[in-house]
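Visitor:
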């Protein structure tokens with residue numbers, strides 16, 4: 007059941023003086039039987055724009071897809087240096103904060119106590135942040151980098167290999183492949199999330215501003231954030247979150263139905279996928295109505311237990327010793343290759359640095375308003391040092407371990423046992439193909455499908471809470487029908503795009519929002535330092 | 018008959034609570050009961066307060082104002098912090114009722130509509146499941 011904490015004094019914090027009252031721009035109205043308490047104009051504009059974009063994509067499929075894709079490719083190839091350099095800034099900032107005296111600042115005031123235990127907090131971080139990606143890319147990405155590095159053309163401009171590749175050298179290609187994968191999943195993405203989350207938590211819990219994206223900009227724009235400057239930031243955040251979630255929901259339904267087909271021979275038709283989306287949205291709906299503690303947190307915990315079971319299984323029945331020693335080898339390979347991989351200029355591996363790294367950074371950054379806001383919501387009471395340790399360092403180590411277990415096993419199946427099926431399988435089936443080579447396939451593949459589905463539920467429910475909060479002007483006690491609306495809306499957008507085509511187009515659109523948000527995040531870095539300096543430590 | 022009355026208060030809509038507040042004050046005087054005003058807030062900044070601390074002091078101010086207005090001698094206030102008030106309000110109030118040792122809860126509610134068939138109103142849920150007497154004022 008819920009555990010509302012008894013109020014304790016929260017000690018010192020340095021509130022920002024503003025005349026703005028949270029909810030002052032909100033419209034309180036009743037439409038039919040539904041009570042609404044929504045921000046004007048963020049709710050209406052973001053809702054209408056999303057509908058317009060979906061219609062545009064469906065109506066002009068032939069031109070919309072290539073157009074959004076071209077925009078995405080242009081952004082990630084022209085501004086690859088910008089994405090890569092910015093992500094480095096976020097990592098450096100986080101590490102400096104852990105080490106500096108600013109790390110002592112406590113989110114919520116000097117005497118605040120943590121809202122959640124480590125286990126509950128950690129489960130929610132992972133479930134919202136990247137769980138689903140780990141399922142999707144845990145096997146395929148290491149394999150992909152390994153193969154391109156090992157190939158004869160590695161190091162040439164046509165190659166997709168990281169850095170210079172390692173043509174013909176399996177051991178070097180394995181190390182490079184793992185290092186490149188870990189590079190995309192460890193410090194940098196979590197630093198991106200940590201920056202947004204820390205900025206939001208700081209300006210909300212210590213400065214007293216509403217929990218919405220615009221609050222981060224108070225040190226820069228001052229009172230103007232309550233006007234259109236702020237509206238645009240919030241609308242962009244809603245956009246990025248909803249499109250990111252809806253397209254992932256669509257792709258996730260494809261992976262889950264491919265898995266069901268593989269395992270039970272259930273044909274992966276559009277009907278199956280639509281039912282999967284309805285099912286995932288339905289569970290997410292129950293979860294948001296039950297609330298943060300009884301719904302989202304509980305599902306995240308179930309999720310973490312299942313993921314740990316699957317991980318342990320792969321470690322125990324897979325090449326155990328190789329995975330355990332591989333963890334340290336891969337960590338070392340990551341550290342050794344980190345300077346070269348994160349170098350923003352003068353790269354000779356344009357396909358890799360633009361097509362993989364810059365794409366990933368744009369993608370993580372476009373997810374950052376959602377994940378960052380959710381992390382902020384559950385992180386009150388932690389010091390900055392604890393916060394960064396748990397949001398940056400521990401998740402990075404977990405990702406190294408996960409990639410080692412799943413990707414390392416798949417690479418060793420390919421190199422040592424000569425198994426070609428995994429690398430030849432379609433992307434969404436590579437996890438299941440890898441599991442098939444291990445014992446107890448039926449059980450583990452089933453667990454894999456359940457995990458894919460539950461990870462989607464936990465992204466969908468936390469995403470709906472975040473969008474609801476932003477579109478209610480930072481109020482987290484808006485009426486229940488609003489969060490129901492966003493959750494259903496997300497499912498409907500996913501179904502429309504799945505049936506009408508255009509998931510790829512809108513994903514490109516969502517990733518493109520990563521560009522403006524990179525600028526937003528750089529400004530957030532400045533705001534964090536400025537905000538932390540004025541806090542009692 | 019009653020010795021300790023609990024009154025849940027939504028500070029954002031205090032003007033709509035007039036009847037419930039008057040009723041609880043009258044009953045308190047009739048039975049010489051103490052009154053505890055209970056507020057529930059999230060830990061994030063809201064329209065009422067920027068921090069839980071500020072919320073708690075506003076609740077205390079509110080209870081003192083009620084005491085002065087209705088000439089009540091024995092009033093107190095309690096603040097509960099919920100992670101997600103939209104979903105947890107009912108359970109939080111239930112907990113407050115047992116922790117404050119109330120033997121009567123007086124609470125305001127709106128007139129039920131279609132939505133109440135799907136999501137029970139807070140007062141409706143509370144009256145159904147609370148272990149103490151509940152007076153729902155419409």
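Residue numbers (my numbering), protein chains in the order written: chain V, 7 to 543; chain X, 18 to 155.
Beta carbons are placed, not taken as given, at the ideal position from N, Cα and C, and that holds for glycine.
Buried or exposed for residue 139(X), please, with buried defined as at least 16 other CB atoms from any protein chain shown within 10 angstroms of its CB.
Guide: Counting from 1 along the second chain, the entry for residue 139(X) is found at position 122. That one is buried.
Visitor: Does the CB of residue 60(X) have a neighbour CB from chain V at under 7 angstroms?
Guide: Residue 60(X) sits at position 43 when you count from the first residue of the second chain. Interface residue, yes.
Visitor: Closer than 7 angstroms by C-beta to residue 10(V): which residues in its own chain qualify, once you throw out the five before and the five after it? Chain order, please.
Guide: To locate residue 10(V), count along the first chain from 1; it is residue 4. Unreliable placement is indicated for residue 10(V), whose pLDDT of 38 sits below 50; the coordinate value is still reported in the next sentence. Cβ neighbours of residue 10(V) beyond the five flanking positions: none.
Visitor: Using a cut-off of 9 angstroms between C-beta atoms, extract the partners of residue 543(V) located in chain X.
Guide: On the first chain, residue 543(V) is found 537 positions in, with the first residue counted as 1. Here the premise fails: no neighbours, minimum Cβ distance about 18 angstroms.
Visitor: Check the Cβ-Cβ distances between residue 63(X) and every residue of chain V, and say whether any is below 7 angstroms.
Guide: As a working note, residue 63(X) is residue 46 in the second chain. True, the Cβ-Cβ gap to chain V drops below 7 angstroms.
Visitor: Out of curiosity, what's the CA-to-CA distance linking residue 46(X) and residue 96(X)?
Guide: Residue numbering aside, residue 46(X) sits at position 29 when the second chain is read from its first letter. Residue numbering aside, residue 96(X) sits at position 79 when the second chain is read from its first letter. Computed Cα separation, rounded: 24 angstroms.
Visitor: Between which two residues does the alpha helix (DSSP H) containing residue 22(V) stretch?
Guide: Residue 22(V) sits at position 16 when you count from the first residue of the first chain. Premise fails: residue 22(V) is in no alpha helix (DSSP H) and is neither H nor E.
Visitor: Output needed in chain order: residues of the segment 82-103 of chain X with a Cβ under 8 angstroms from some Cβ in chain V.
Guide: Answer in chain order: 96, 97, 98, 99, 100, 101, 102 and 103.
Visitor: What number of angstroms, rounded off, separates the C-alpha of residue 33(X) from the C-alpha of residue 68(X)?
Guide: Here the question's residue 33(X) lines up with position 16 in the second chain. Here the question's residue 68(X) lines up with position 51 in the second chain. Taking the straight line from one Cα to the other gives about 24 angstroms.
Visitor: Confirm, please, whether the CB-CB distance from residue 44(V) to residue 477(V) is below 7 angstroms.
Guide: Looking up residue 477(V) in the first chain gives position 471. Looking up residue 44(V) in the first chain gives position 38. A contact, by the Cβ cut-off of 7 angstroms.
Visitor: Can you check which of these residues, 81(V), 485(V) and 458(V), is closest to residue 144(V) by C-alpha distance?
Guide: The residue you call residue 144(V) lines up with position 138 of the first chain. Among 81(V), 485(V) and 458(V), the Cα nearest to that of residue 144(V) is on 458(V).
Visitor: Would you say residue 152(X) lies against chain V (beta-carbon separation less than 7 angstroms)?
Guide: Here residue 152(X) is taken as the residue at index 135 of the second chain, counted from 1. Not an interface residue.
Visitor: DSSP three-state label for residue 425(V), please.
Guide: Translated into positions along the first chain, residue 425(V) becomes position 419. Coil.
Visitor: Are residue 392(V) and residue 129(V) close, meaning C-beta to C-beta below 7 angstroms?
Guide: What you label residue 392(V) is simply residue 386 of the first chain in a count that begins at 1. What you label residue 129(V) is simply residue 123 of the first chain in a count that begins at 1. Going by C-beta atoms, residue 392(V) is not nearer than 7 angstroms to residue 129(V).
Visitor: Considering only the beta carbon of each residue, do residue 210(V) and residue 102(X) sit closer than 7 angstroms?
Guide: Along the first chain, read from residue 1 onward, the residue named residue 210(V) stands at position 204. Along the second chain, read from residue 1 onward, the residue named residue 102(X) stands at position 85. Not in contact: residue 210(V) and residue 102(X) (Cβ atoms no closer than 7 angstroms).
Visitor: Going by DSSP in three states, residue 508(V) sits in which element: helix, strand or coil?
Guide: Position 502 of the first chain, counted from the first residue, corresponds to residue 508(V). It is coil, neither helix nor strand.
Visitor: Where do the N-terminal and C-terminal ends of the alpha helix (DSSP H) with residue 125(X) fall, by residue?
Guide: Within the second chain, numbered from 1, the residue matching residue 125(X) stands at position 108. No alpha helix (DSSP H) contains residue 125(X), which is instead part of the beta strand (DSSP E) from 121-125.
Visitor: May I ask you to list, following chain order, the residues of the segment 24-55 of chain V that have a beta carbon less than 8 angstroms from some beta carbon of chain X?
Guide: Of all residues in the segment 24-55 of chain V, 27, 28, 29, 30, 38, 39, 40 and 41 have a Cβ within less than 8 angstroms of some Cβ in chain X.
Visitor: Quick one: which unbroken alpha helix (DSSP H) runs of 4-plus residues sit fully inside the segment 470-534 of chain V? Chain order, please.
Guide: Here the runs fully enclosed are 486-506 and 509-518.
Visitor: Inspect the CB distances between the segment 485-499 of chain V and the segment 163-183 of chain V and report whether three or more fall short of 8 angstroms.
Guide: Counting Cβ pairs under 8 angstroms, fewer than three are found: no touch.
Visitor: Taking just the CA atoms, how far does residue 372(V) sit from residue 155(X)?
Guide: One-based indexing of the second chain puts residue 155(X) at position 138. One-based indexing of the first chain puts residue 372(V) at position 366. The alpha-carbon atoms of residue 155(X) and residue 372(V) are separated by roughly 47 angstroms.
Visitor: Should residue 434(V) be labelled buried (16 or more other beta-carbon atoms within 10 Å of its own) or exposed?
Guide: Counting from one through the first chain, the residue named residue 434(V) turns up at place 428. Under this definition residue 434(V) is a buried residue.
Visitor: In whole angstroms, what is the alpha-carbon distance linking residue 119(V) and residue 340(V)?
Guide: In the first chain, counting from the first residue as 1, residue 119(V) sits at position 113. In the first chain, counting from the first residue as 1, residue 340(V) sits at position 334. Distance between the alpha carbons of residue 119(V) and residue 340(V) is about 36 angstroms.
Visitor: Between the segment 267-299 of chain V and chain X, which residues of the former have a C-beta closer than 9 angstroms to a C-beta of the latter?
Guide: Against chain X - using a Cβ distance shorter than 9 angstroms - the residues of the segment 267-299 of chain V are 294, 295, 296, 297, 298 and 299.
Visitor: If you pair each beta-carbon of the segment 525-542 of chain V with each one of the segment 314-330 of chain V, do three or more pairs fall below 8 angstroms?
Guide: Taking 8 angstroms as the limit for Cβ pairs, the verdict is that the segment 314-330 of chain V does not touch the segment 525-542 of chain V.
Visitor: Quick check on the DSSP output: what are the complete beta strand (DSSP E) runs of length 3 or more inside the segment 201-242 of chain V, in order along the chain?
Guide: Qualifying beta strand (DSSP E) stretches: none in this window.
Visitor: DSSP state of residue 171(V), grouped into three classes?
Guide: Counting from one through the first chain, the residue named residue 171(V) turns up at place 165. In the structure shown, residue 171(V) sits in coil (DSSP, three-state: anything other than H, G, I, E or B).
Visitor: In this structure, how does DSSP classify residue 136(V) when only helix, strand and coil are distinguished?
Guide: In the first chain, residue 136(V) corresponds to position 130, counting from 1. Looking at residue 136(V) - three-state DSSP - the assignment turns out to be coil, as it is neither helix nor strand.
Visitor: Mapping the DSSP letters down to three states, classify residue 43(X) as helix, strand or coil.
Guide: As a working note, residue 43(X) is residue 26 in the second chain. In the structure shown, residue 43(X) sits in a helix (DSSP, three-state: H, G or I).
Visitor: With a threshold of 7 angstroms between beta carbons, is residue 210(V) in contact with chain C?
Guide: In the structure shown, chain C cannot be found, because the protein chains are V and X.
Visitor: Would DSSP call residue 277(V) helix, strand or coil?
Guide: Here residue 277(V) corresponds to residue number 271 of the first chain, with the count starting at 1. Note: residue 277(V) maps to helix in three-state DSSP.
Visitor: Near residue 329(V), which residues of its chain fall below 8 angstroms by C-beta distance, leaving aside the five closest residues on each side in sequence?
Guide: Along the first chain, read from residue 1 onward, the residue named residue 329(V) stands at position 323. Only 320, 321, 410, 411, 414 and 415 meet the Cβ criterion.
Visitor: Any idea if residue 148(X) is buried or exposed, counting beta-carbon neighbours within 10 angstroms, 16 or more meaning buried?
Guide: To locate residue 148(X), count along the second chain from 1; it is residue 131. Looking at its Cβ environment, which holds fewer than 16 other Cβ atoms inside 10 Å, residue 148(X) is exposed.
Visitor: Note the first and the last residue of the continuous alpha helix (DSSP H) segment covering residue 107(V).
Guide: Along the first chain, one-based indexing puts residue 107(V) at 101. Run containing residue 107(V): none; DSSP gives neither H nor E here.
Visitor: Do you know offhand how far residue 29(X)'s Cα is from residue 52(X)'s?
Guide: Translated into the one-based positions of the second chain, residue 29(X) becomes position 12. Translated into the one-based positions of the second chain, residue 52(X) becomes position 35. Answer to the nearest angstrom: the Cα atoms are 20 angstroms apart.
Visitor: For chain X, is any of its Cβ atoms less than 7 angstroms away from the one on residue 415(V)?
Guide: Position 409 of the first chain, counted from the first residue, corresponds to residue 415(V). Output row for residue 415(V): interface = no.
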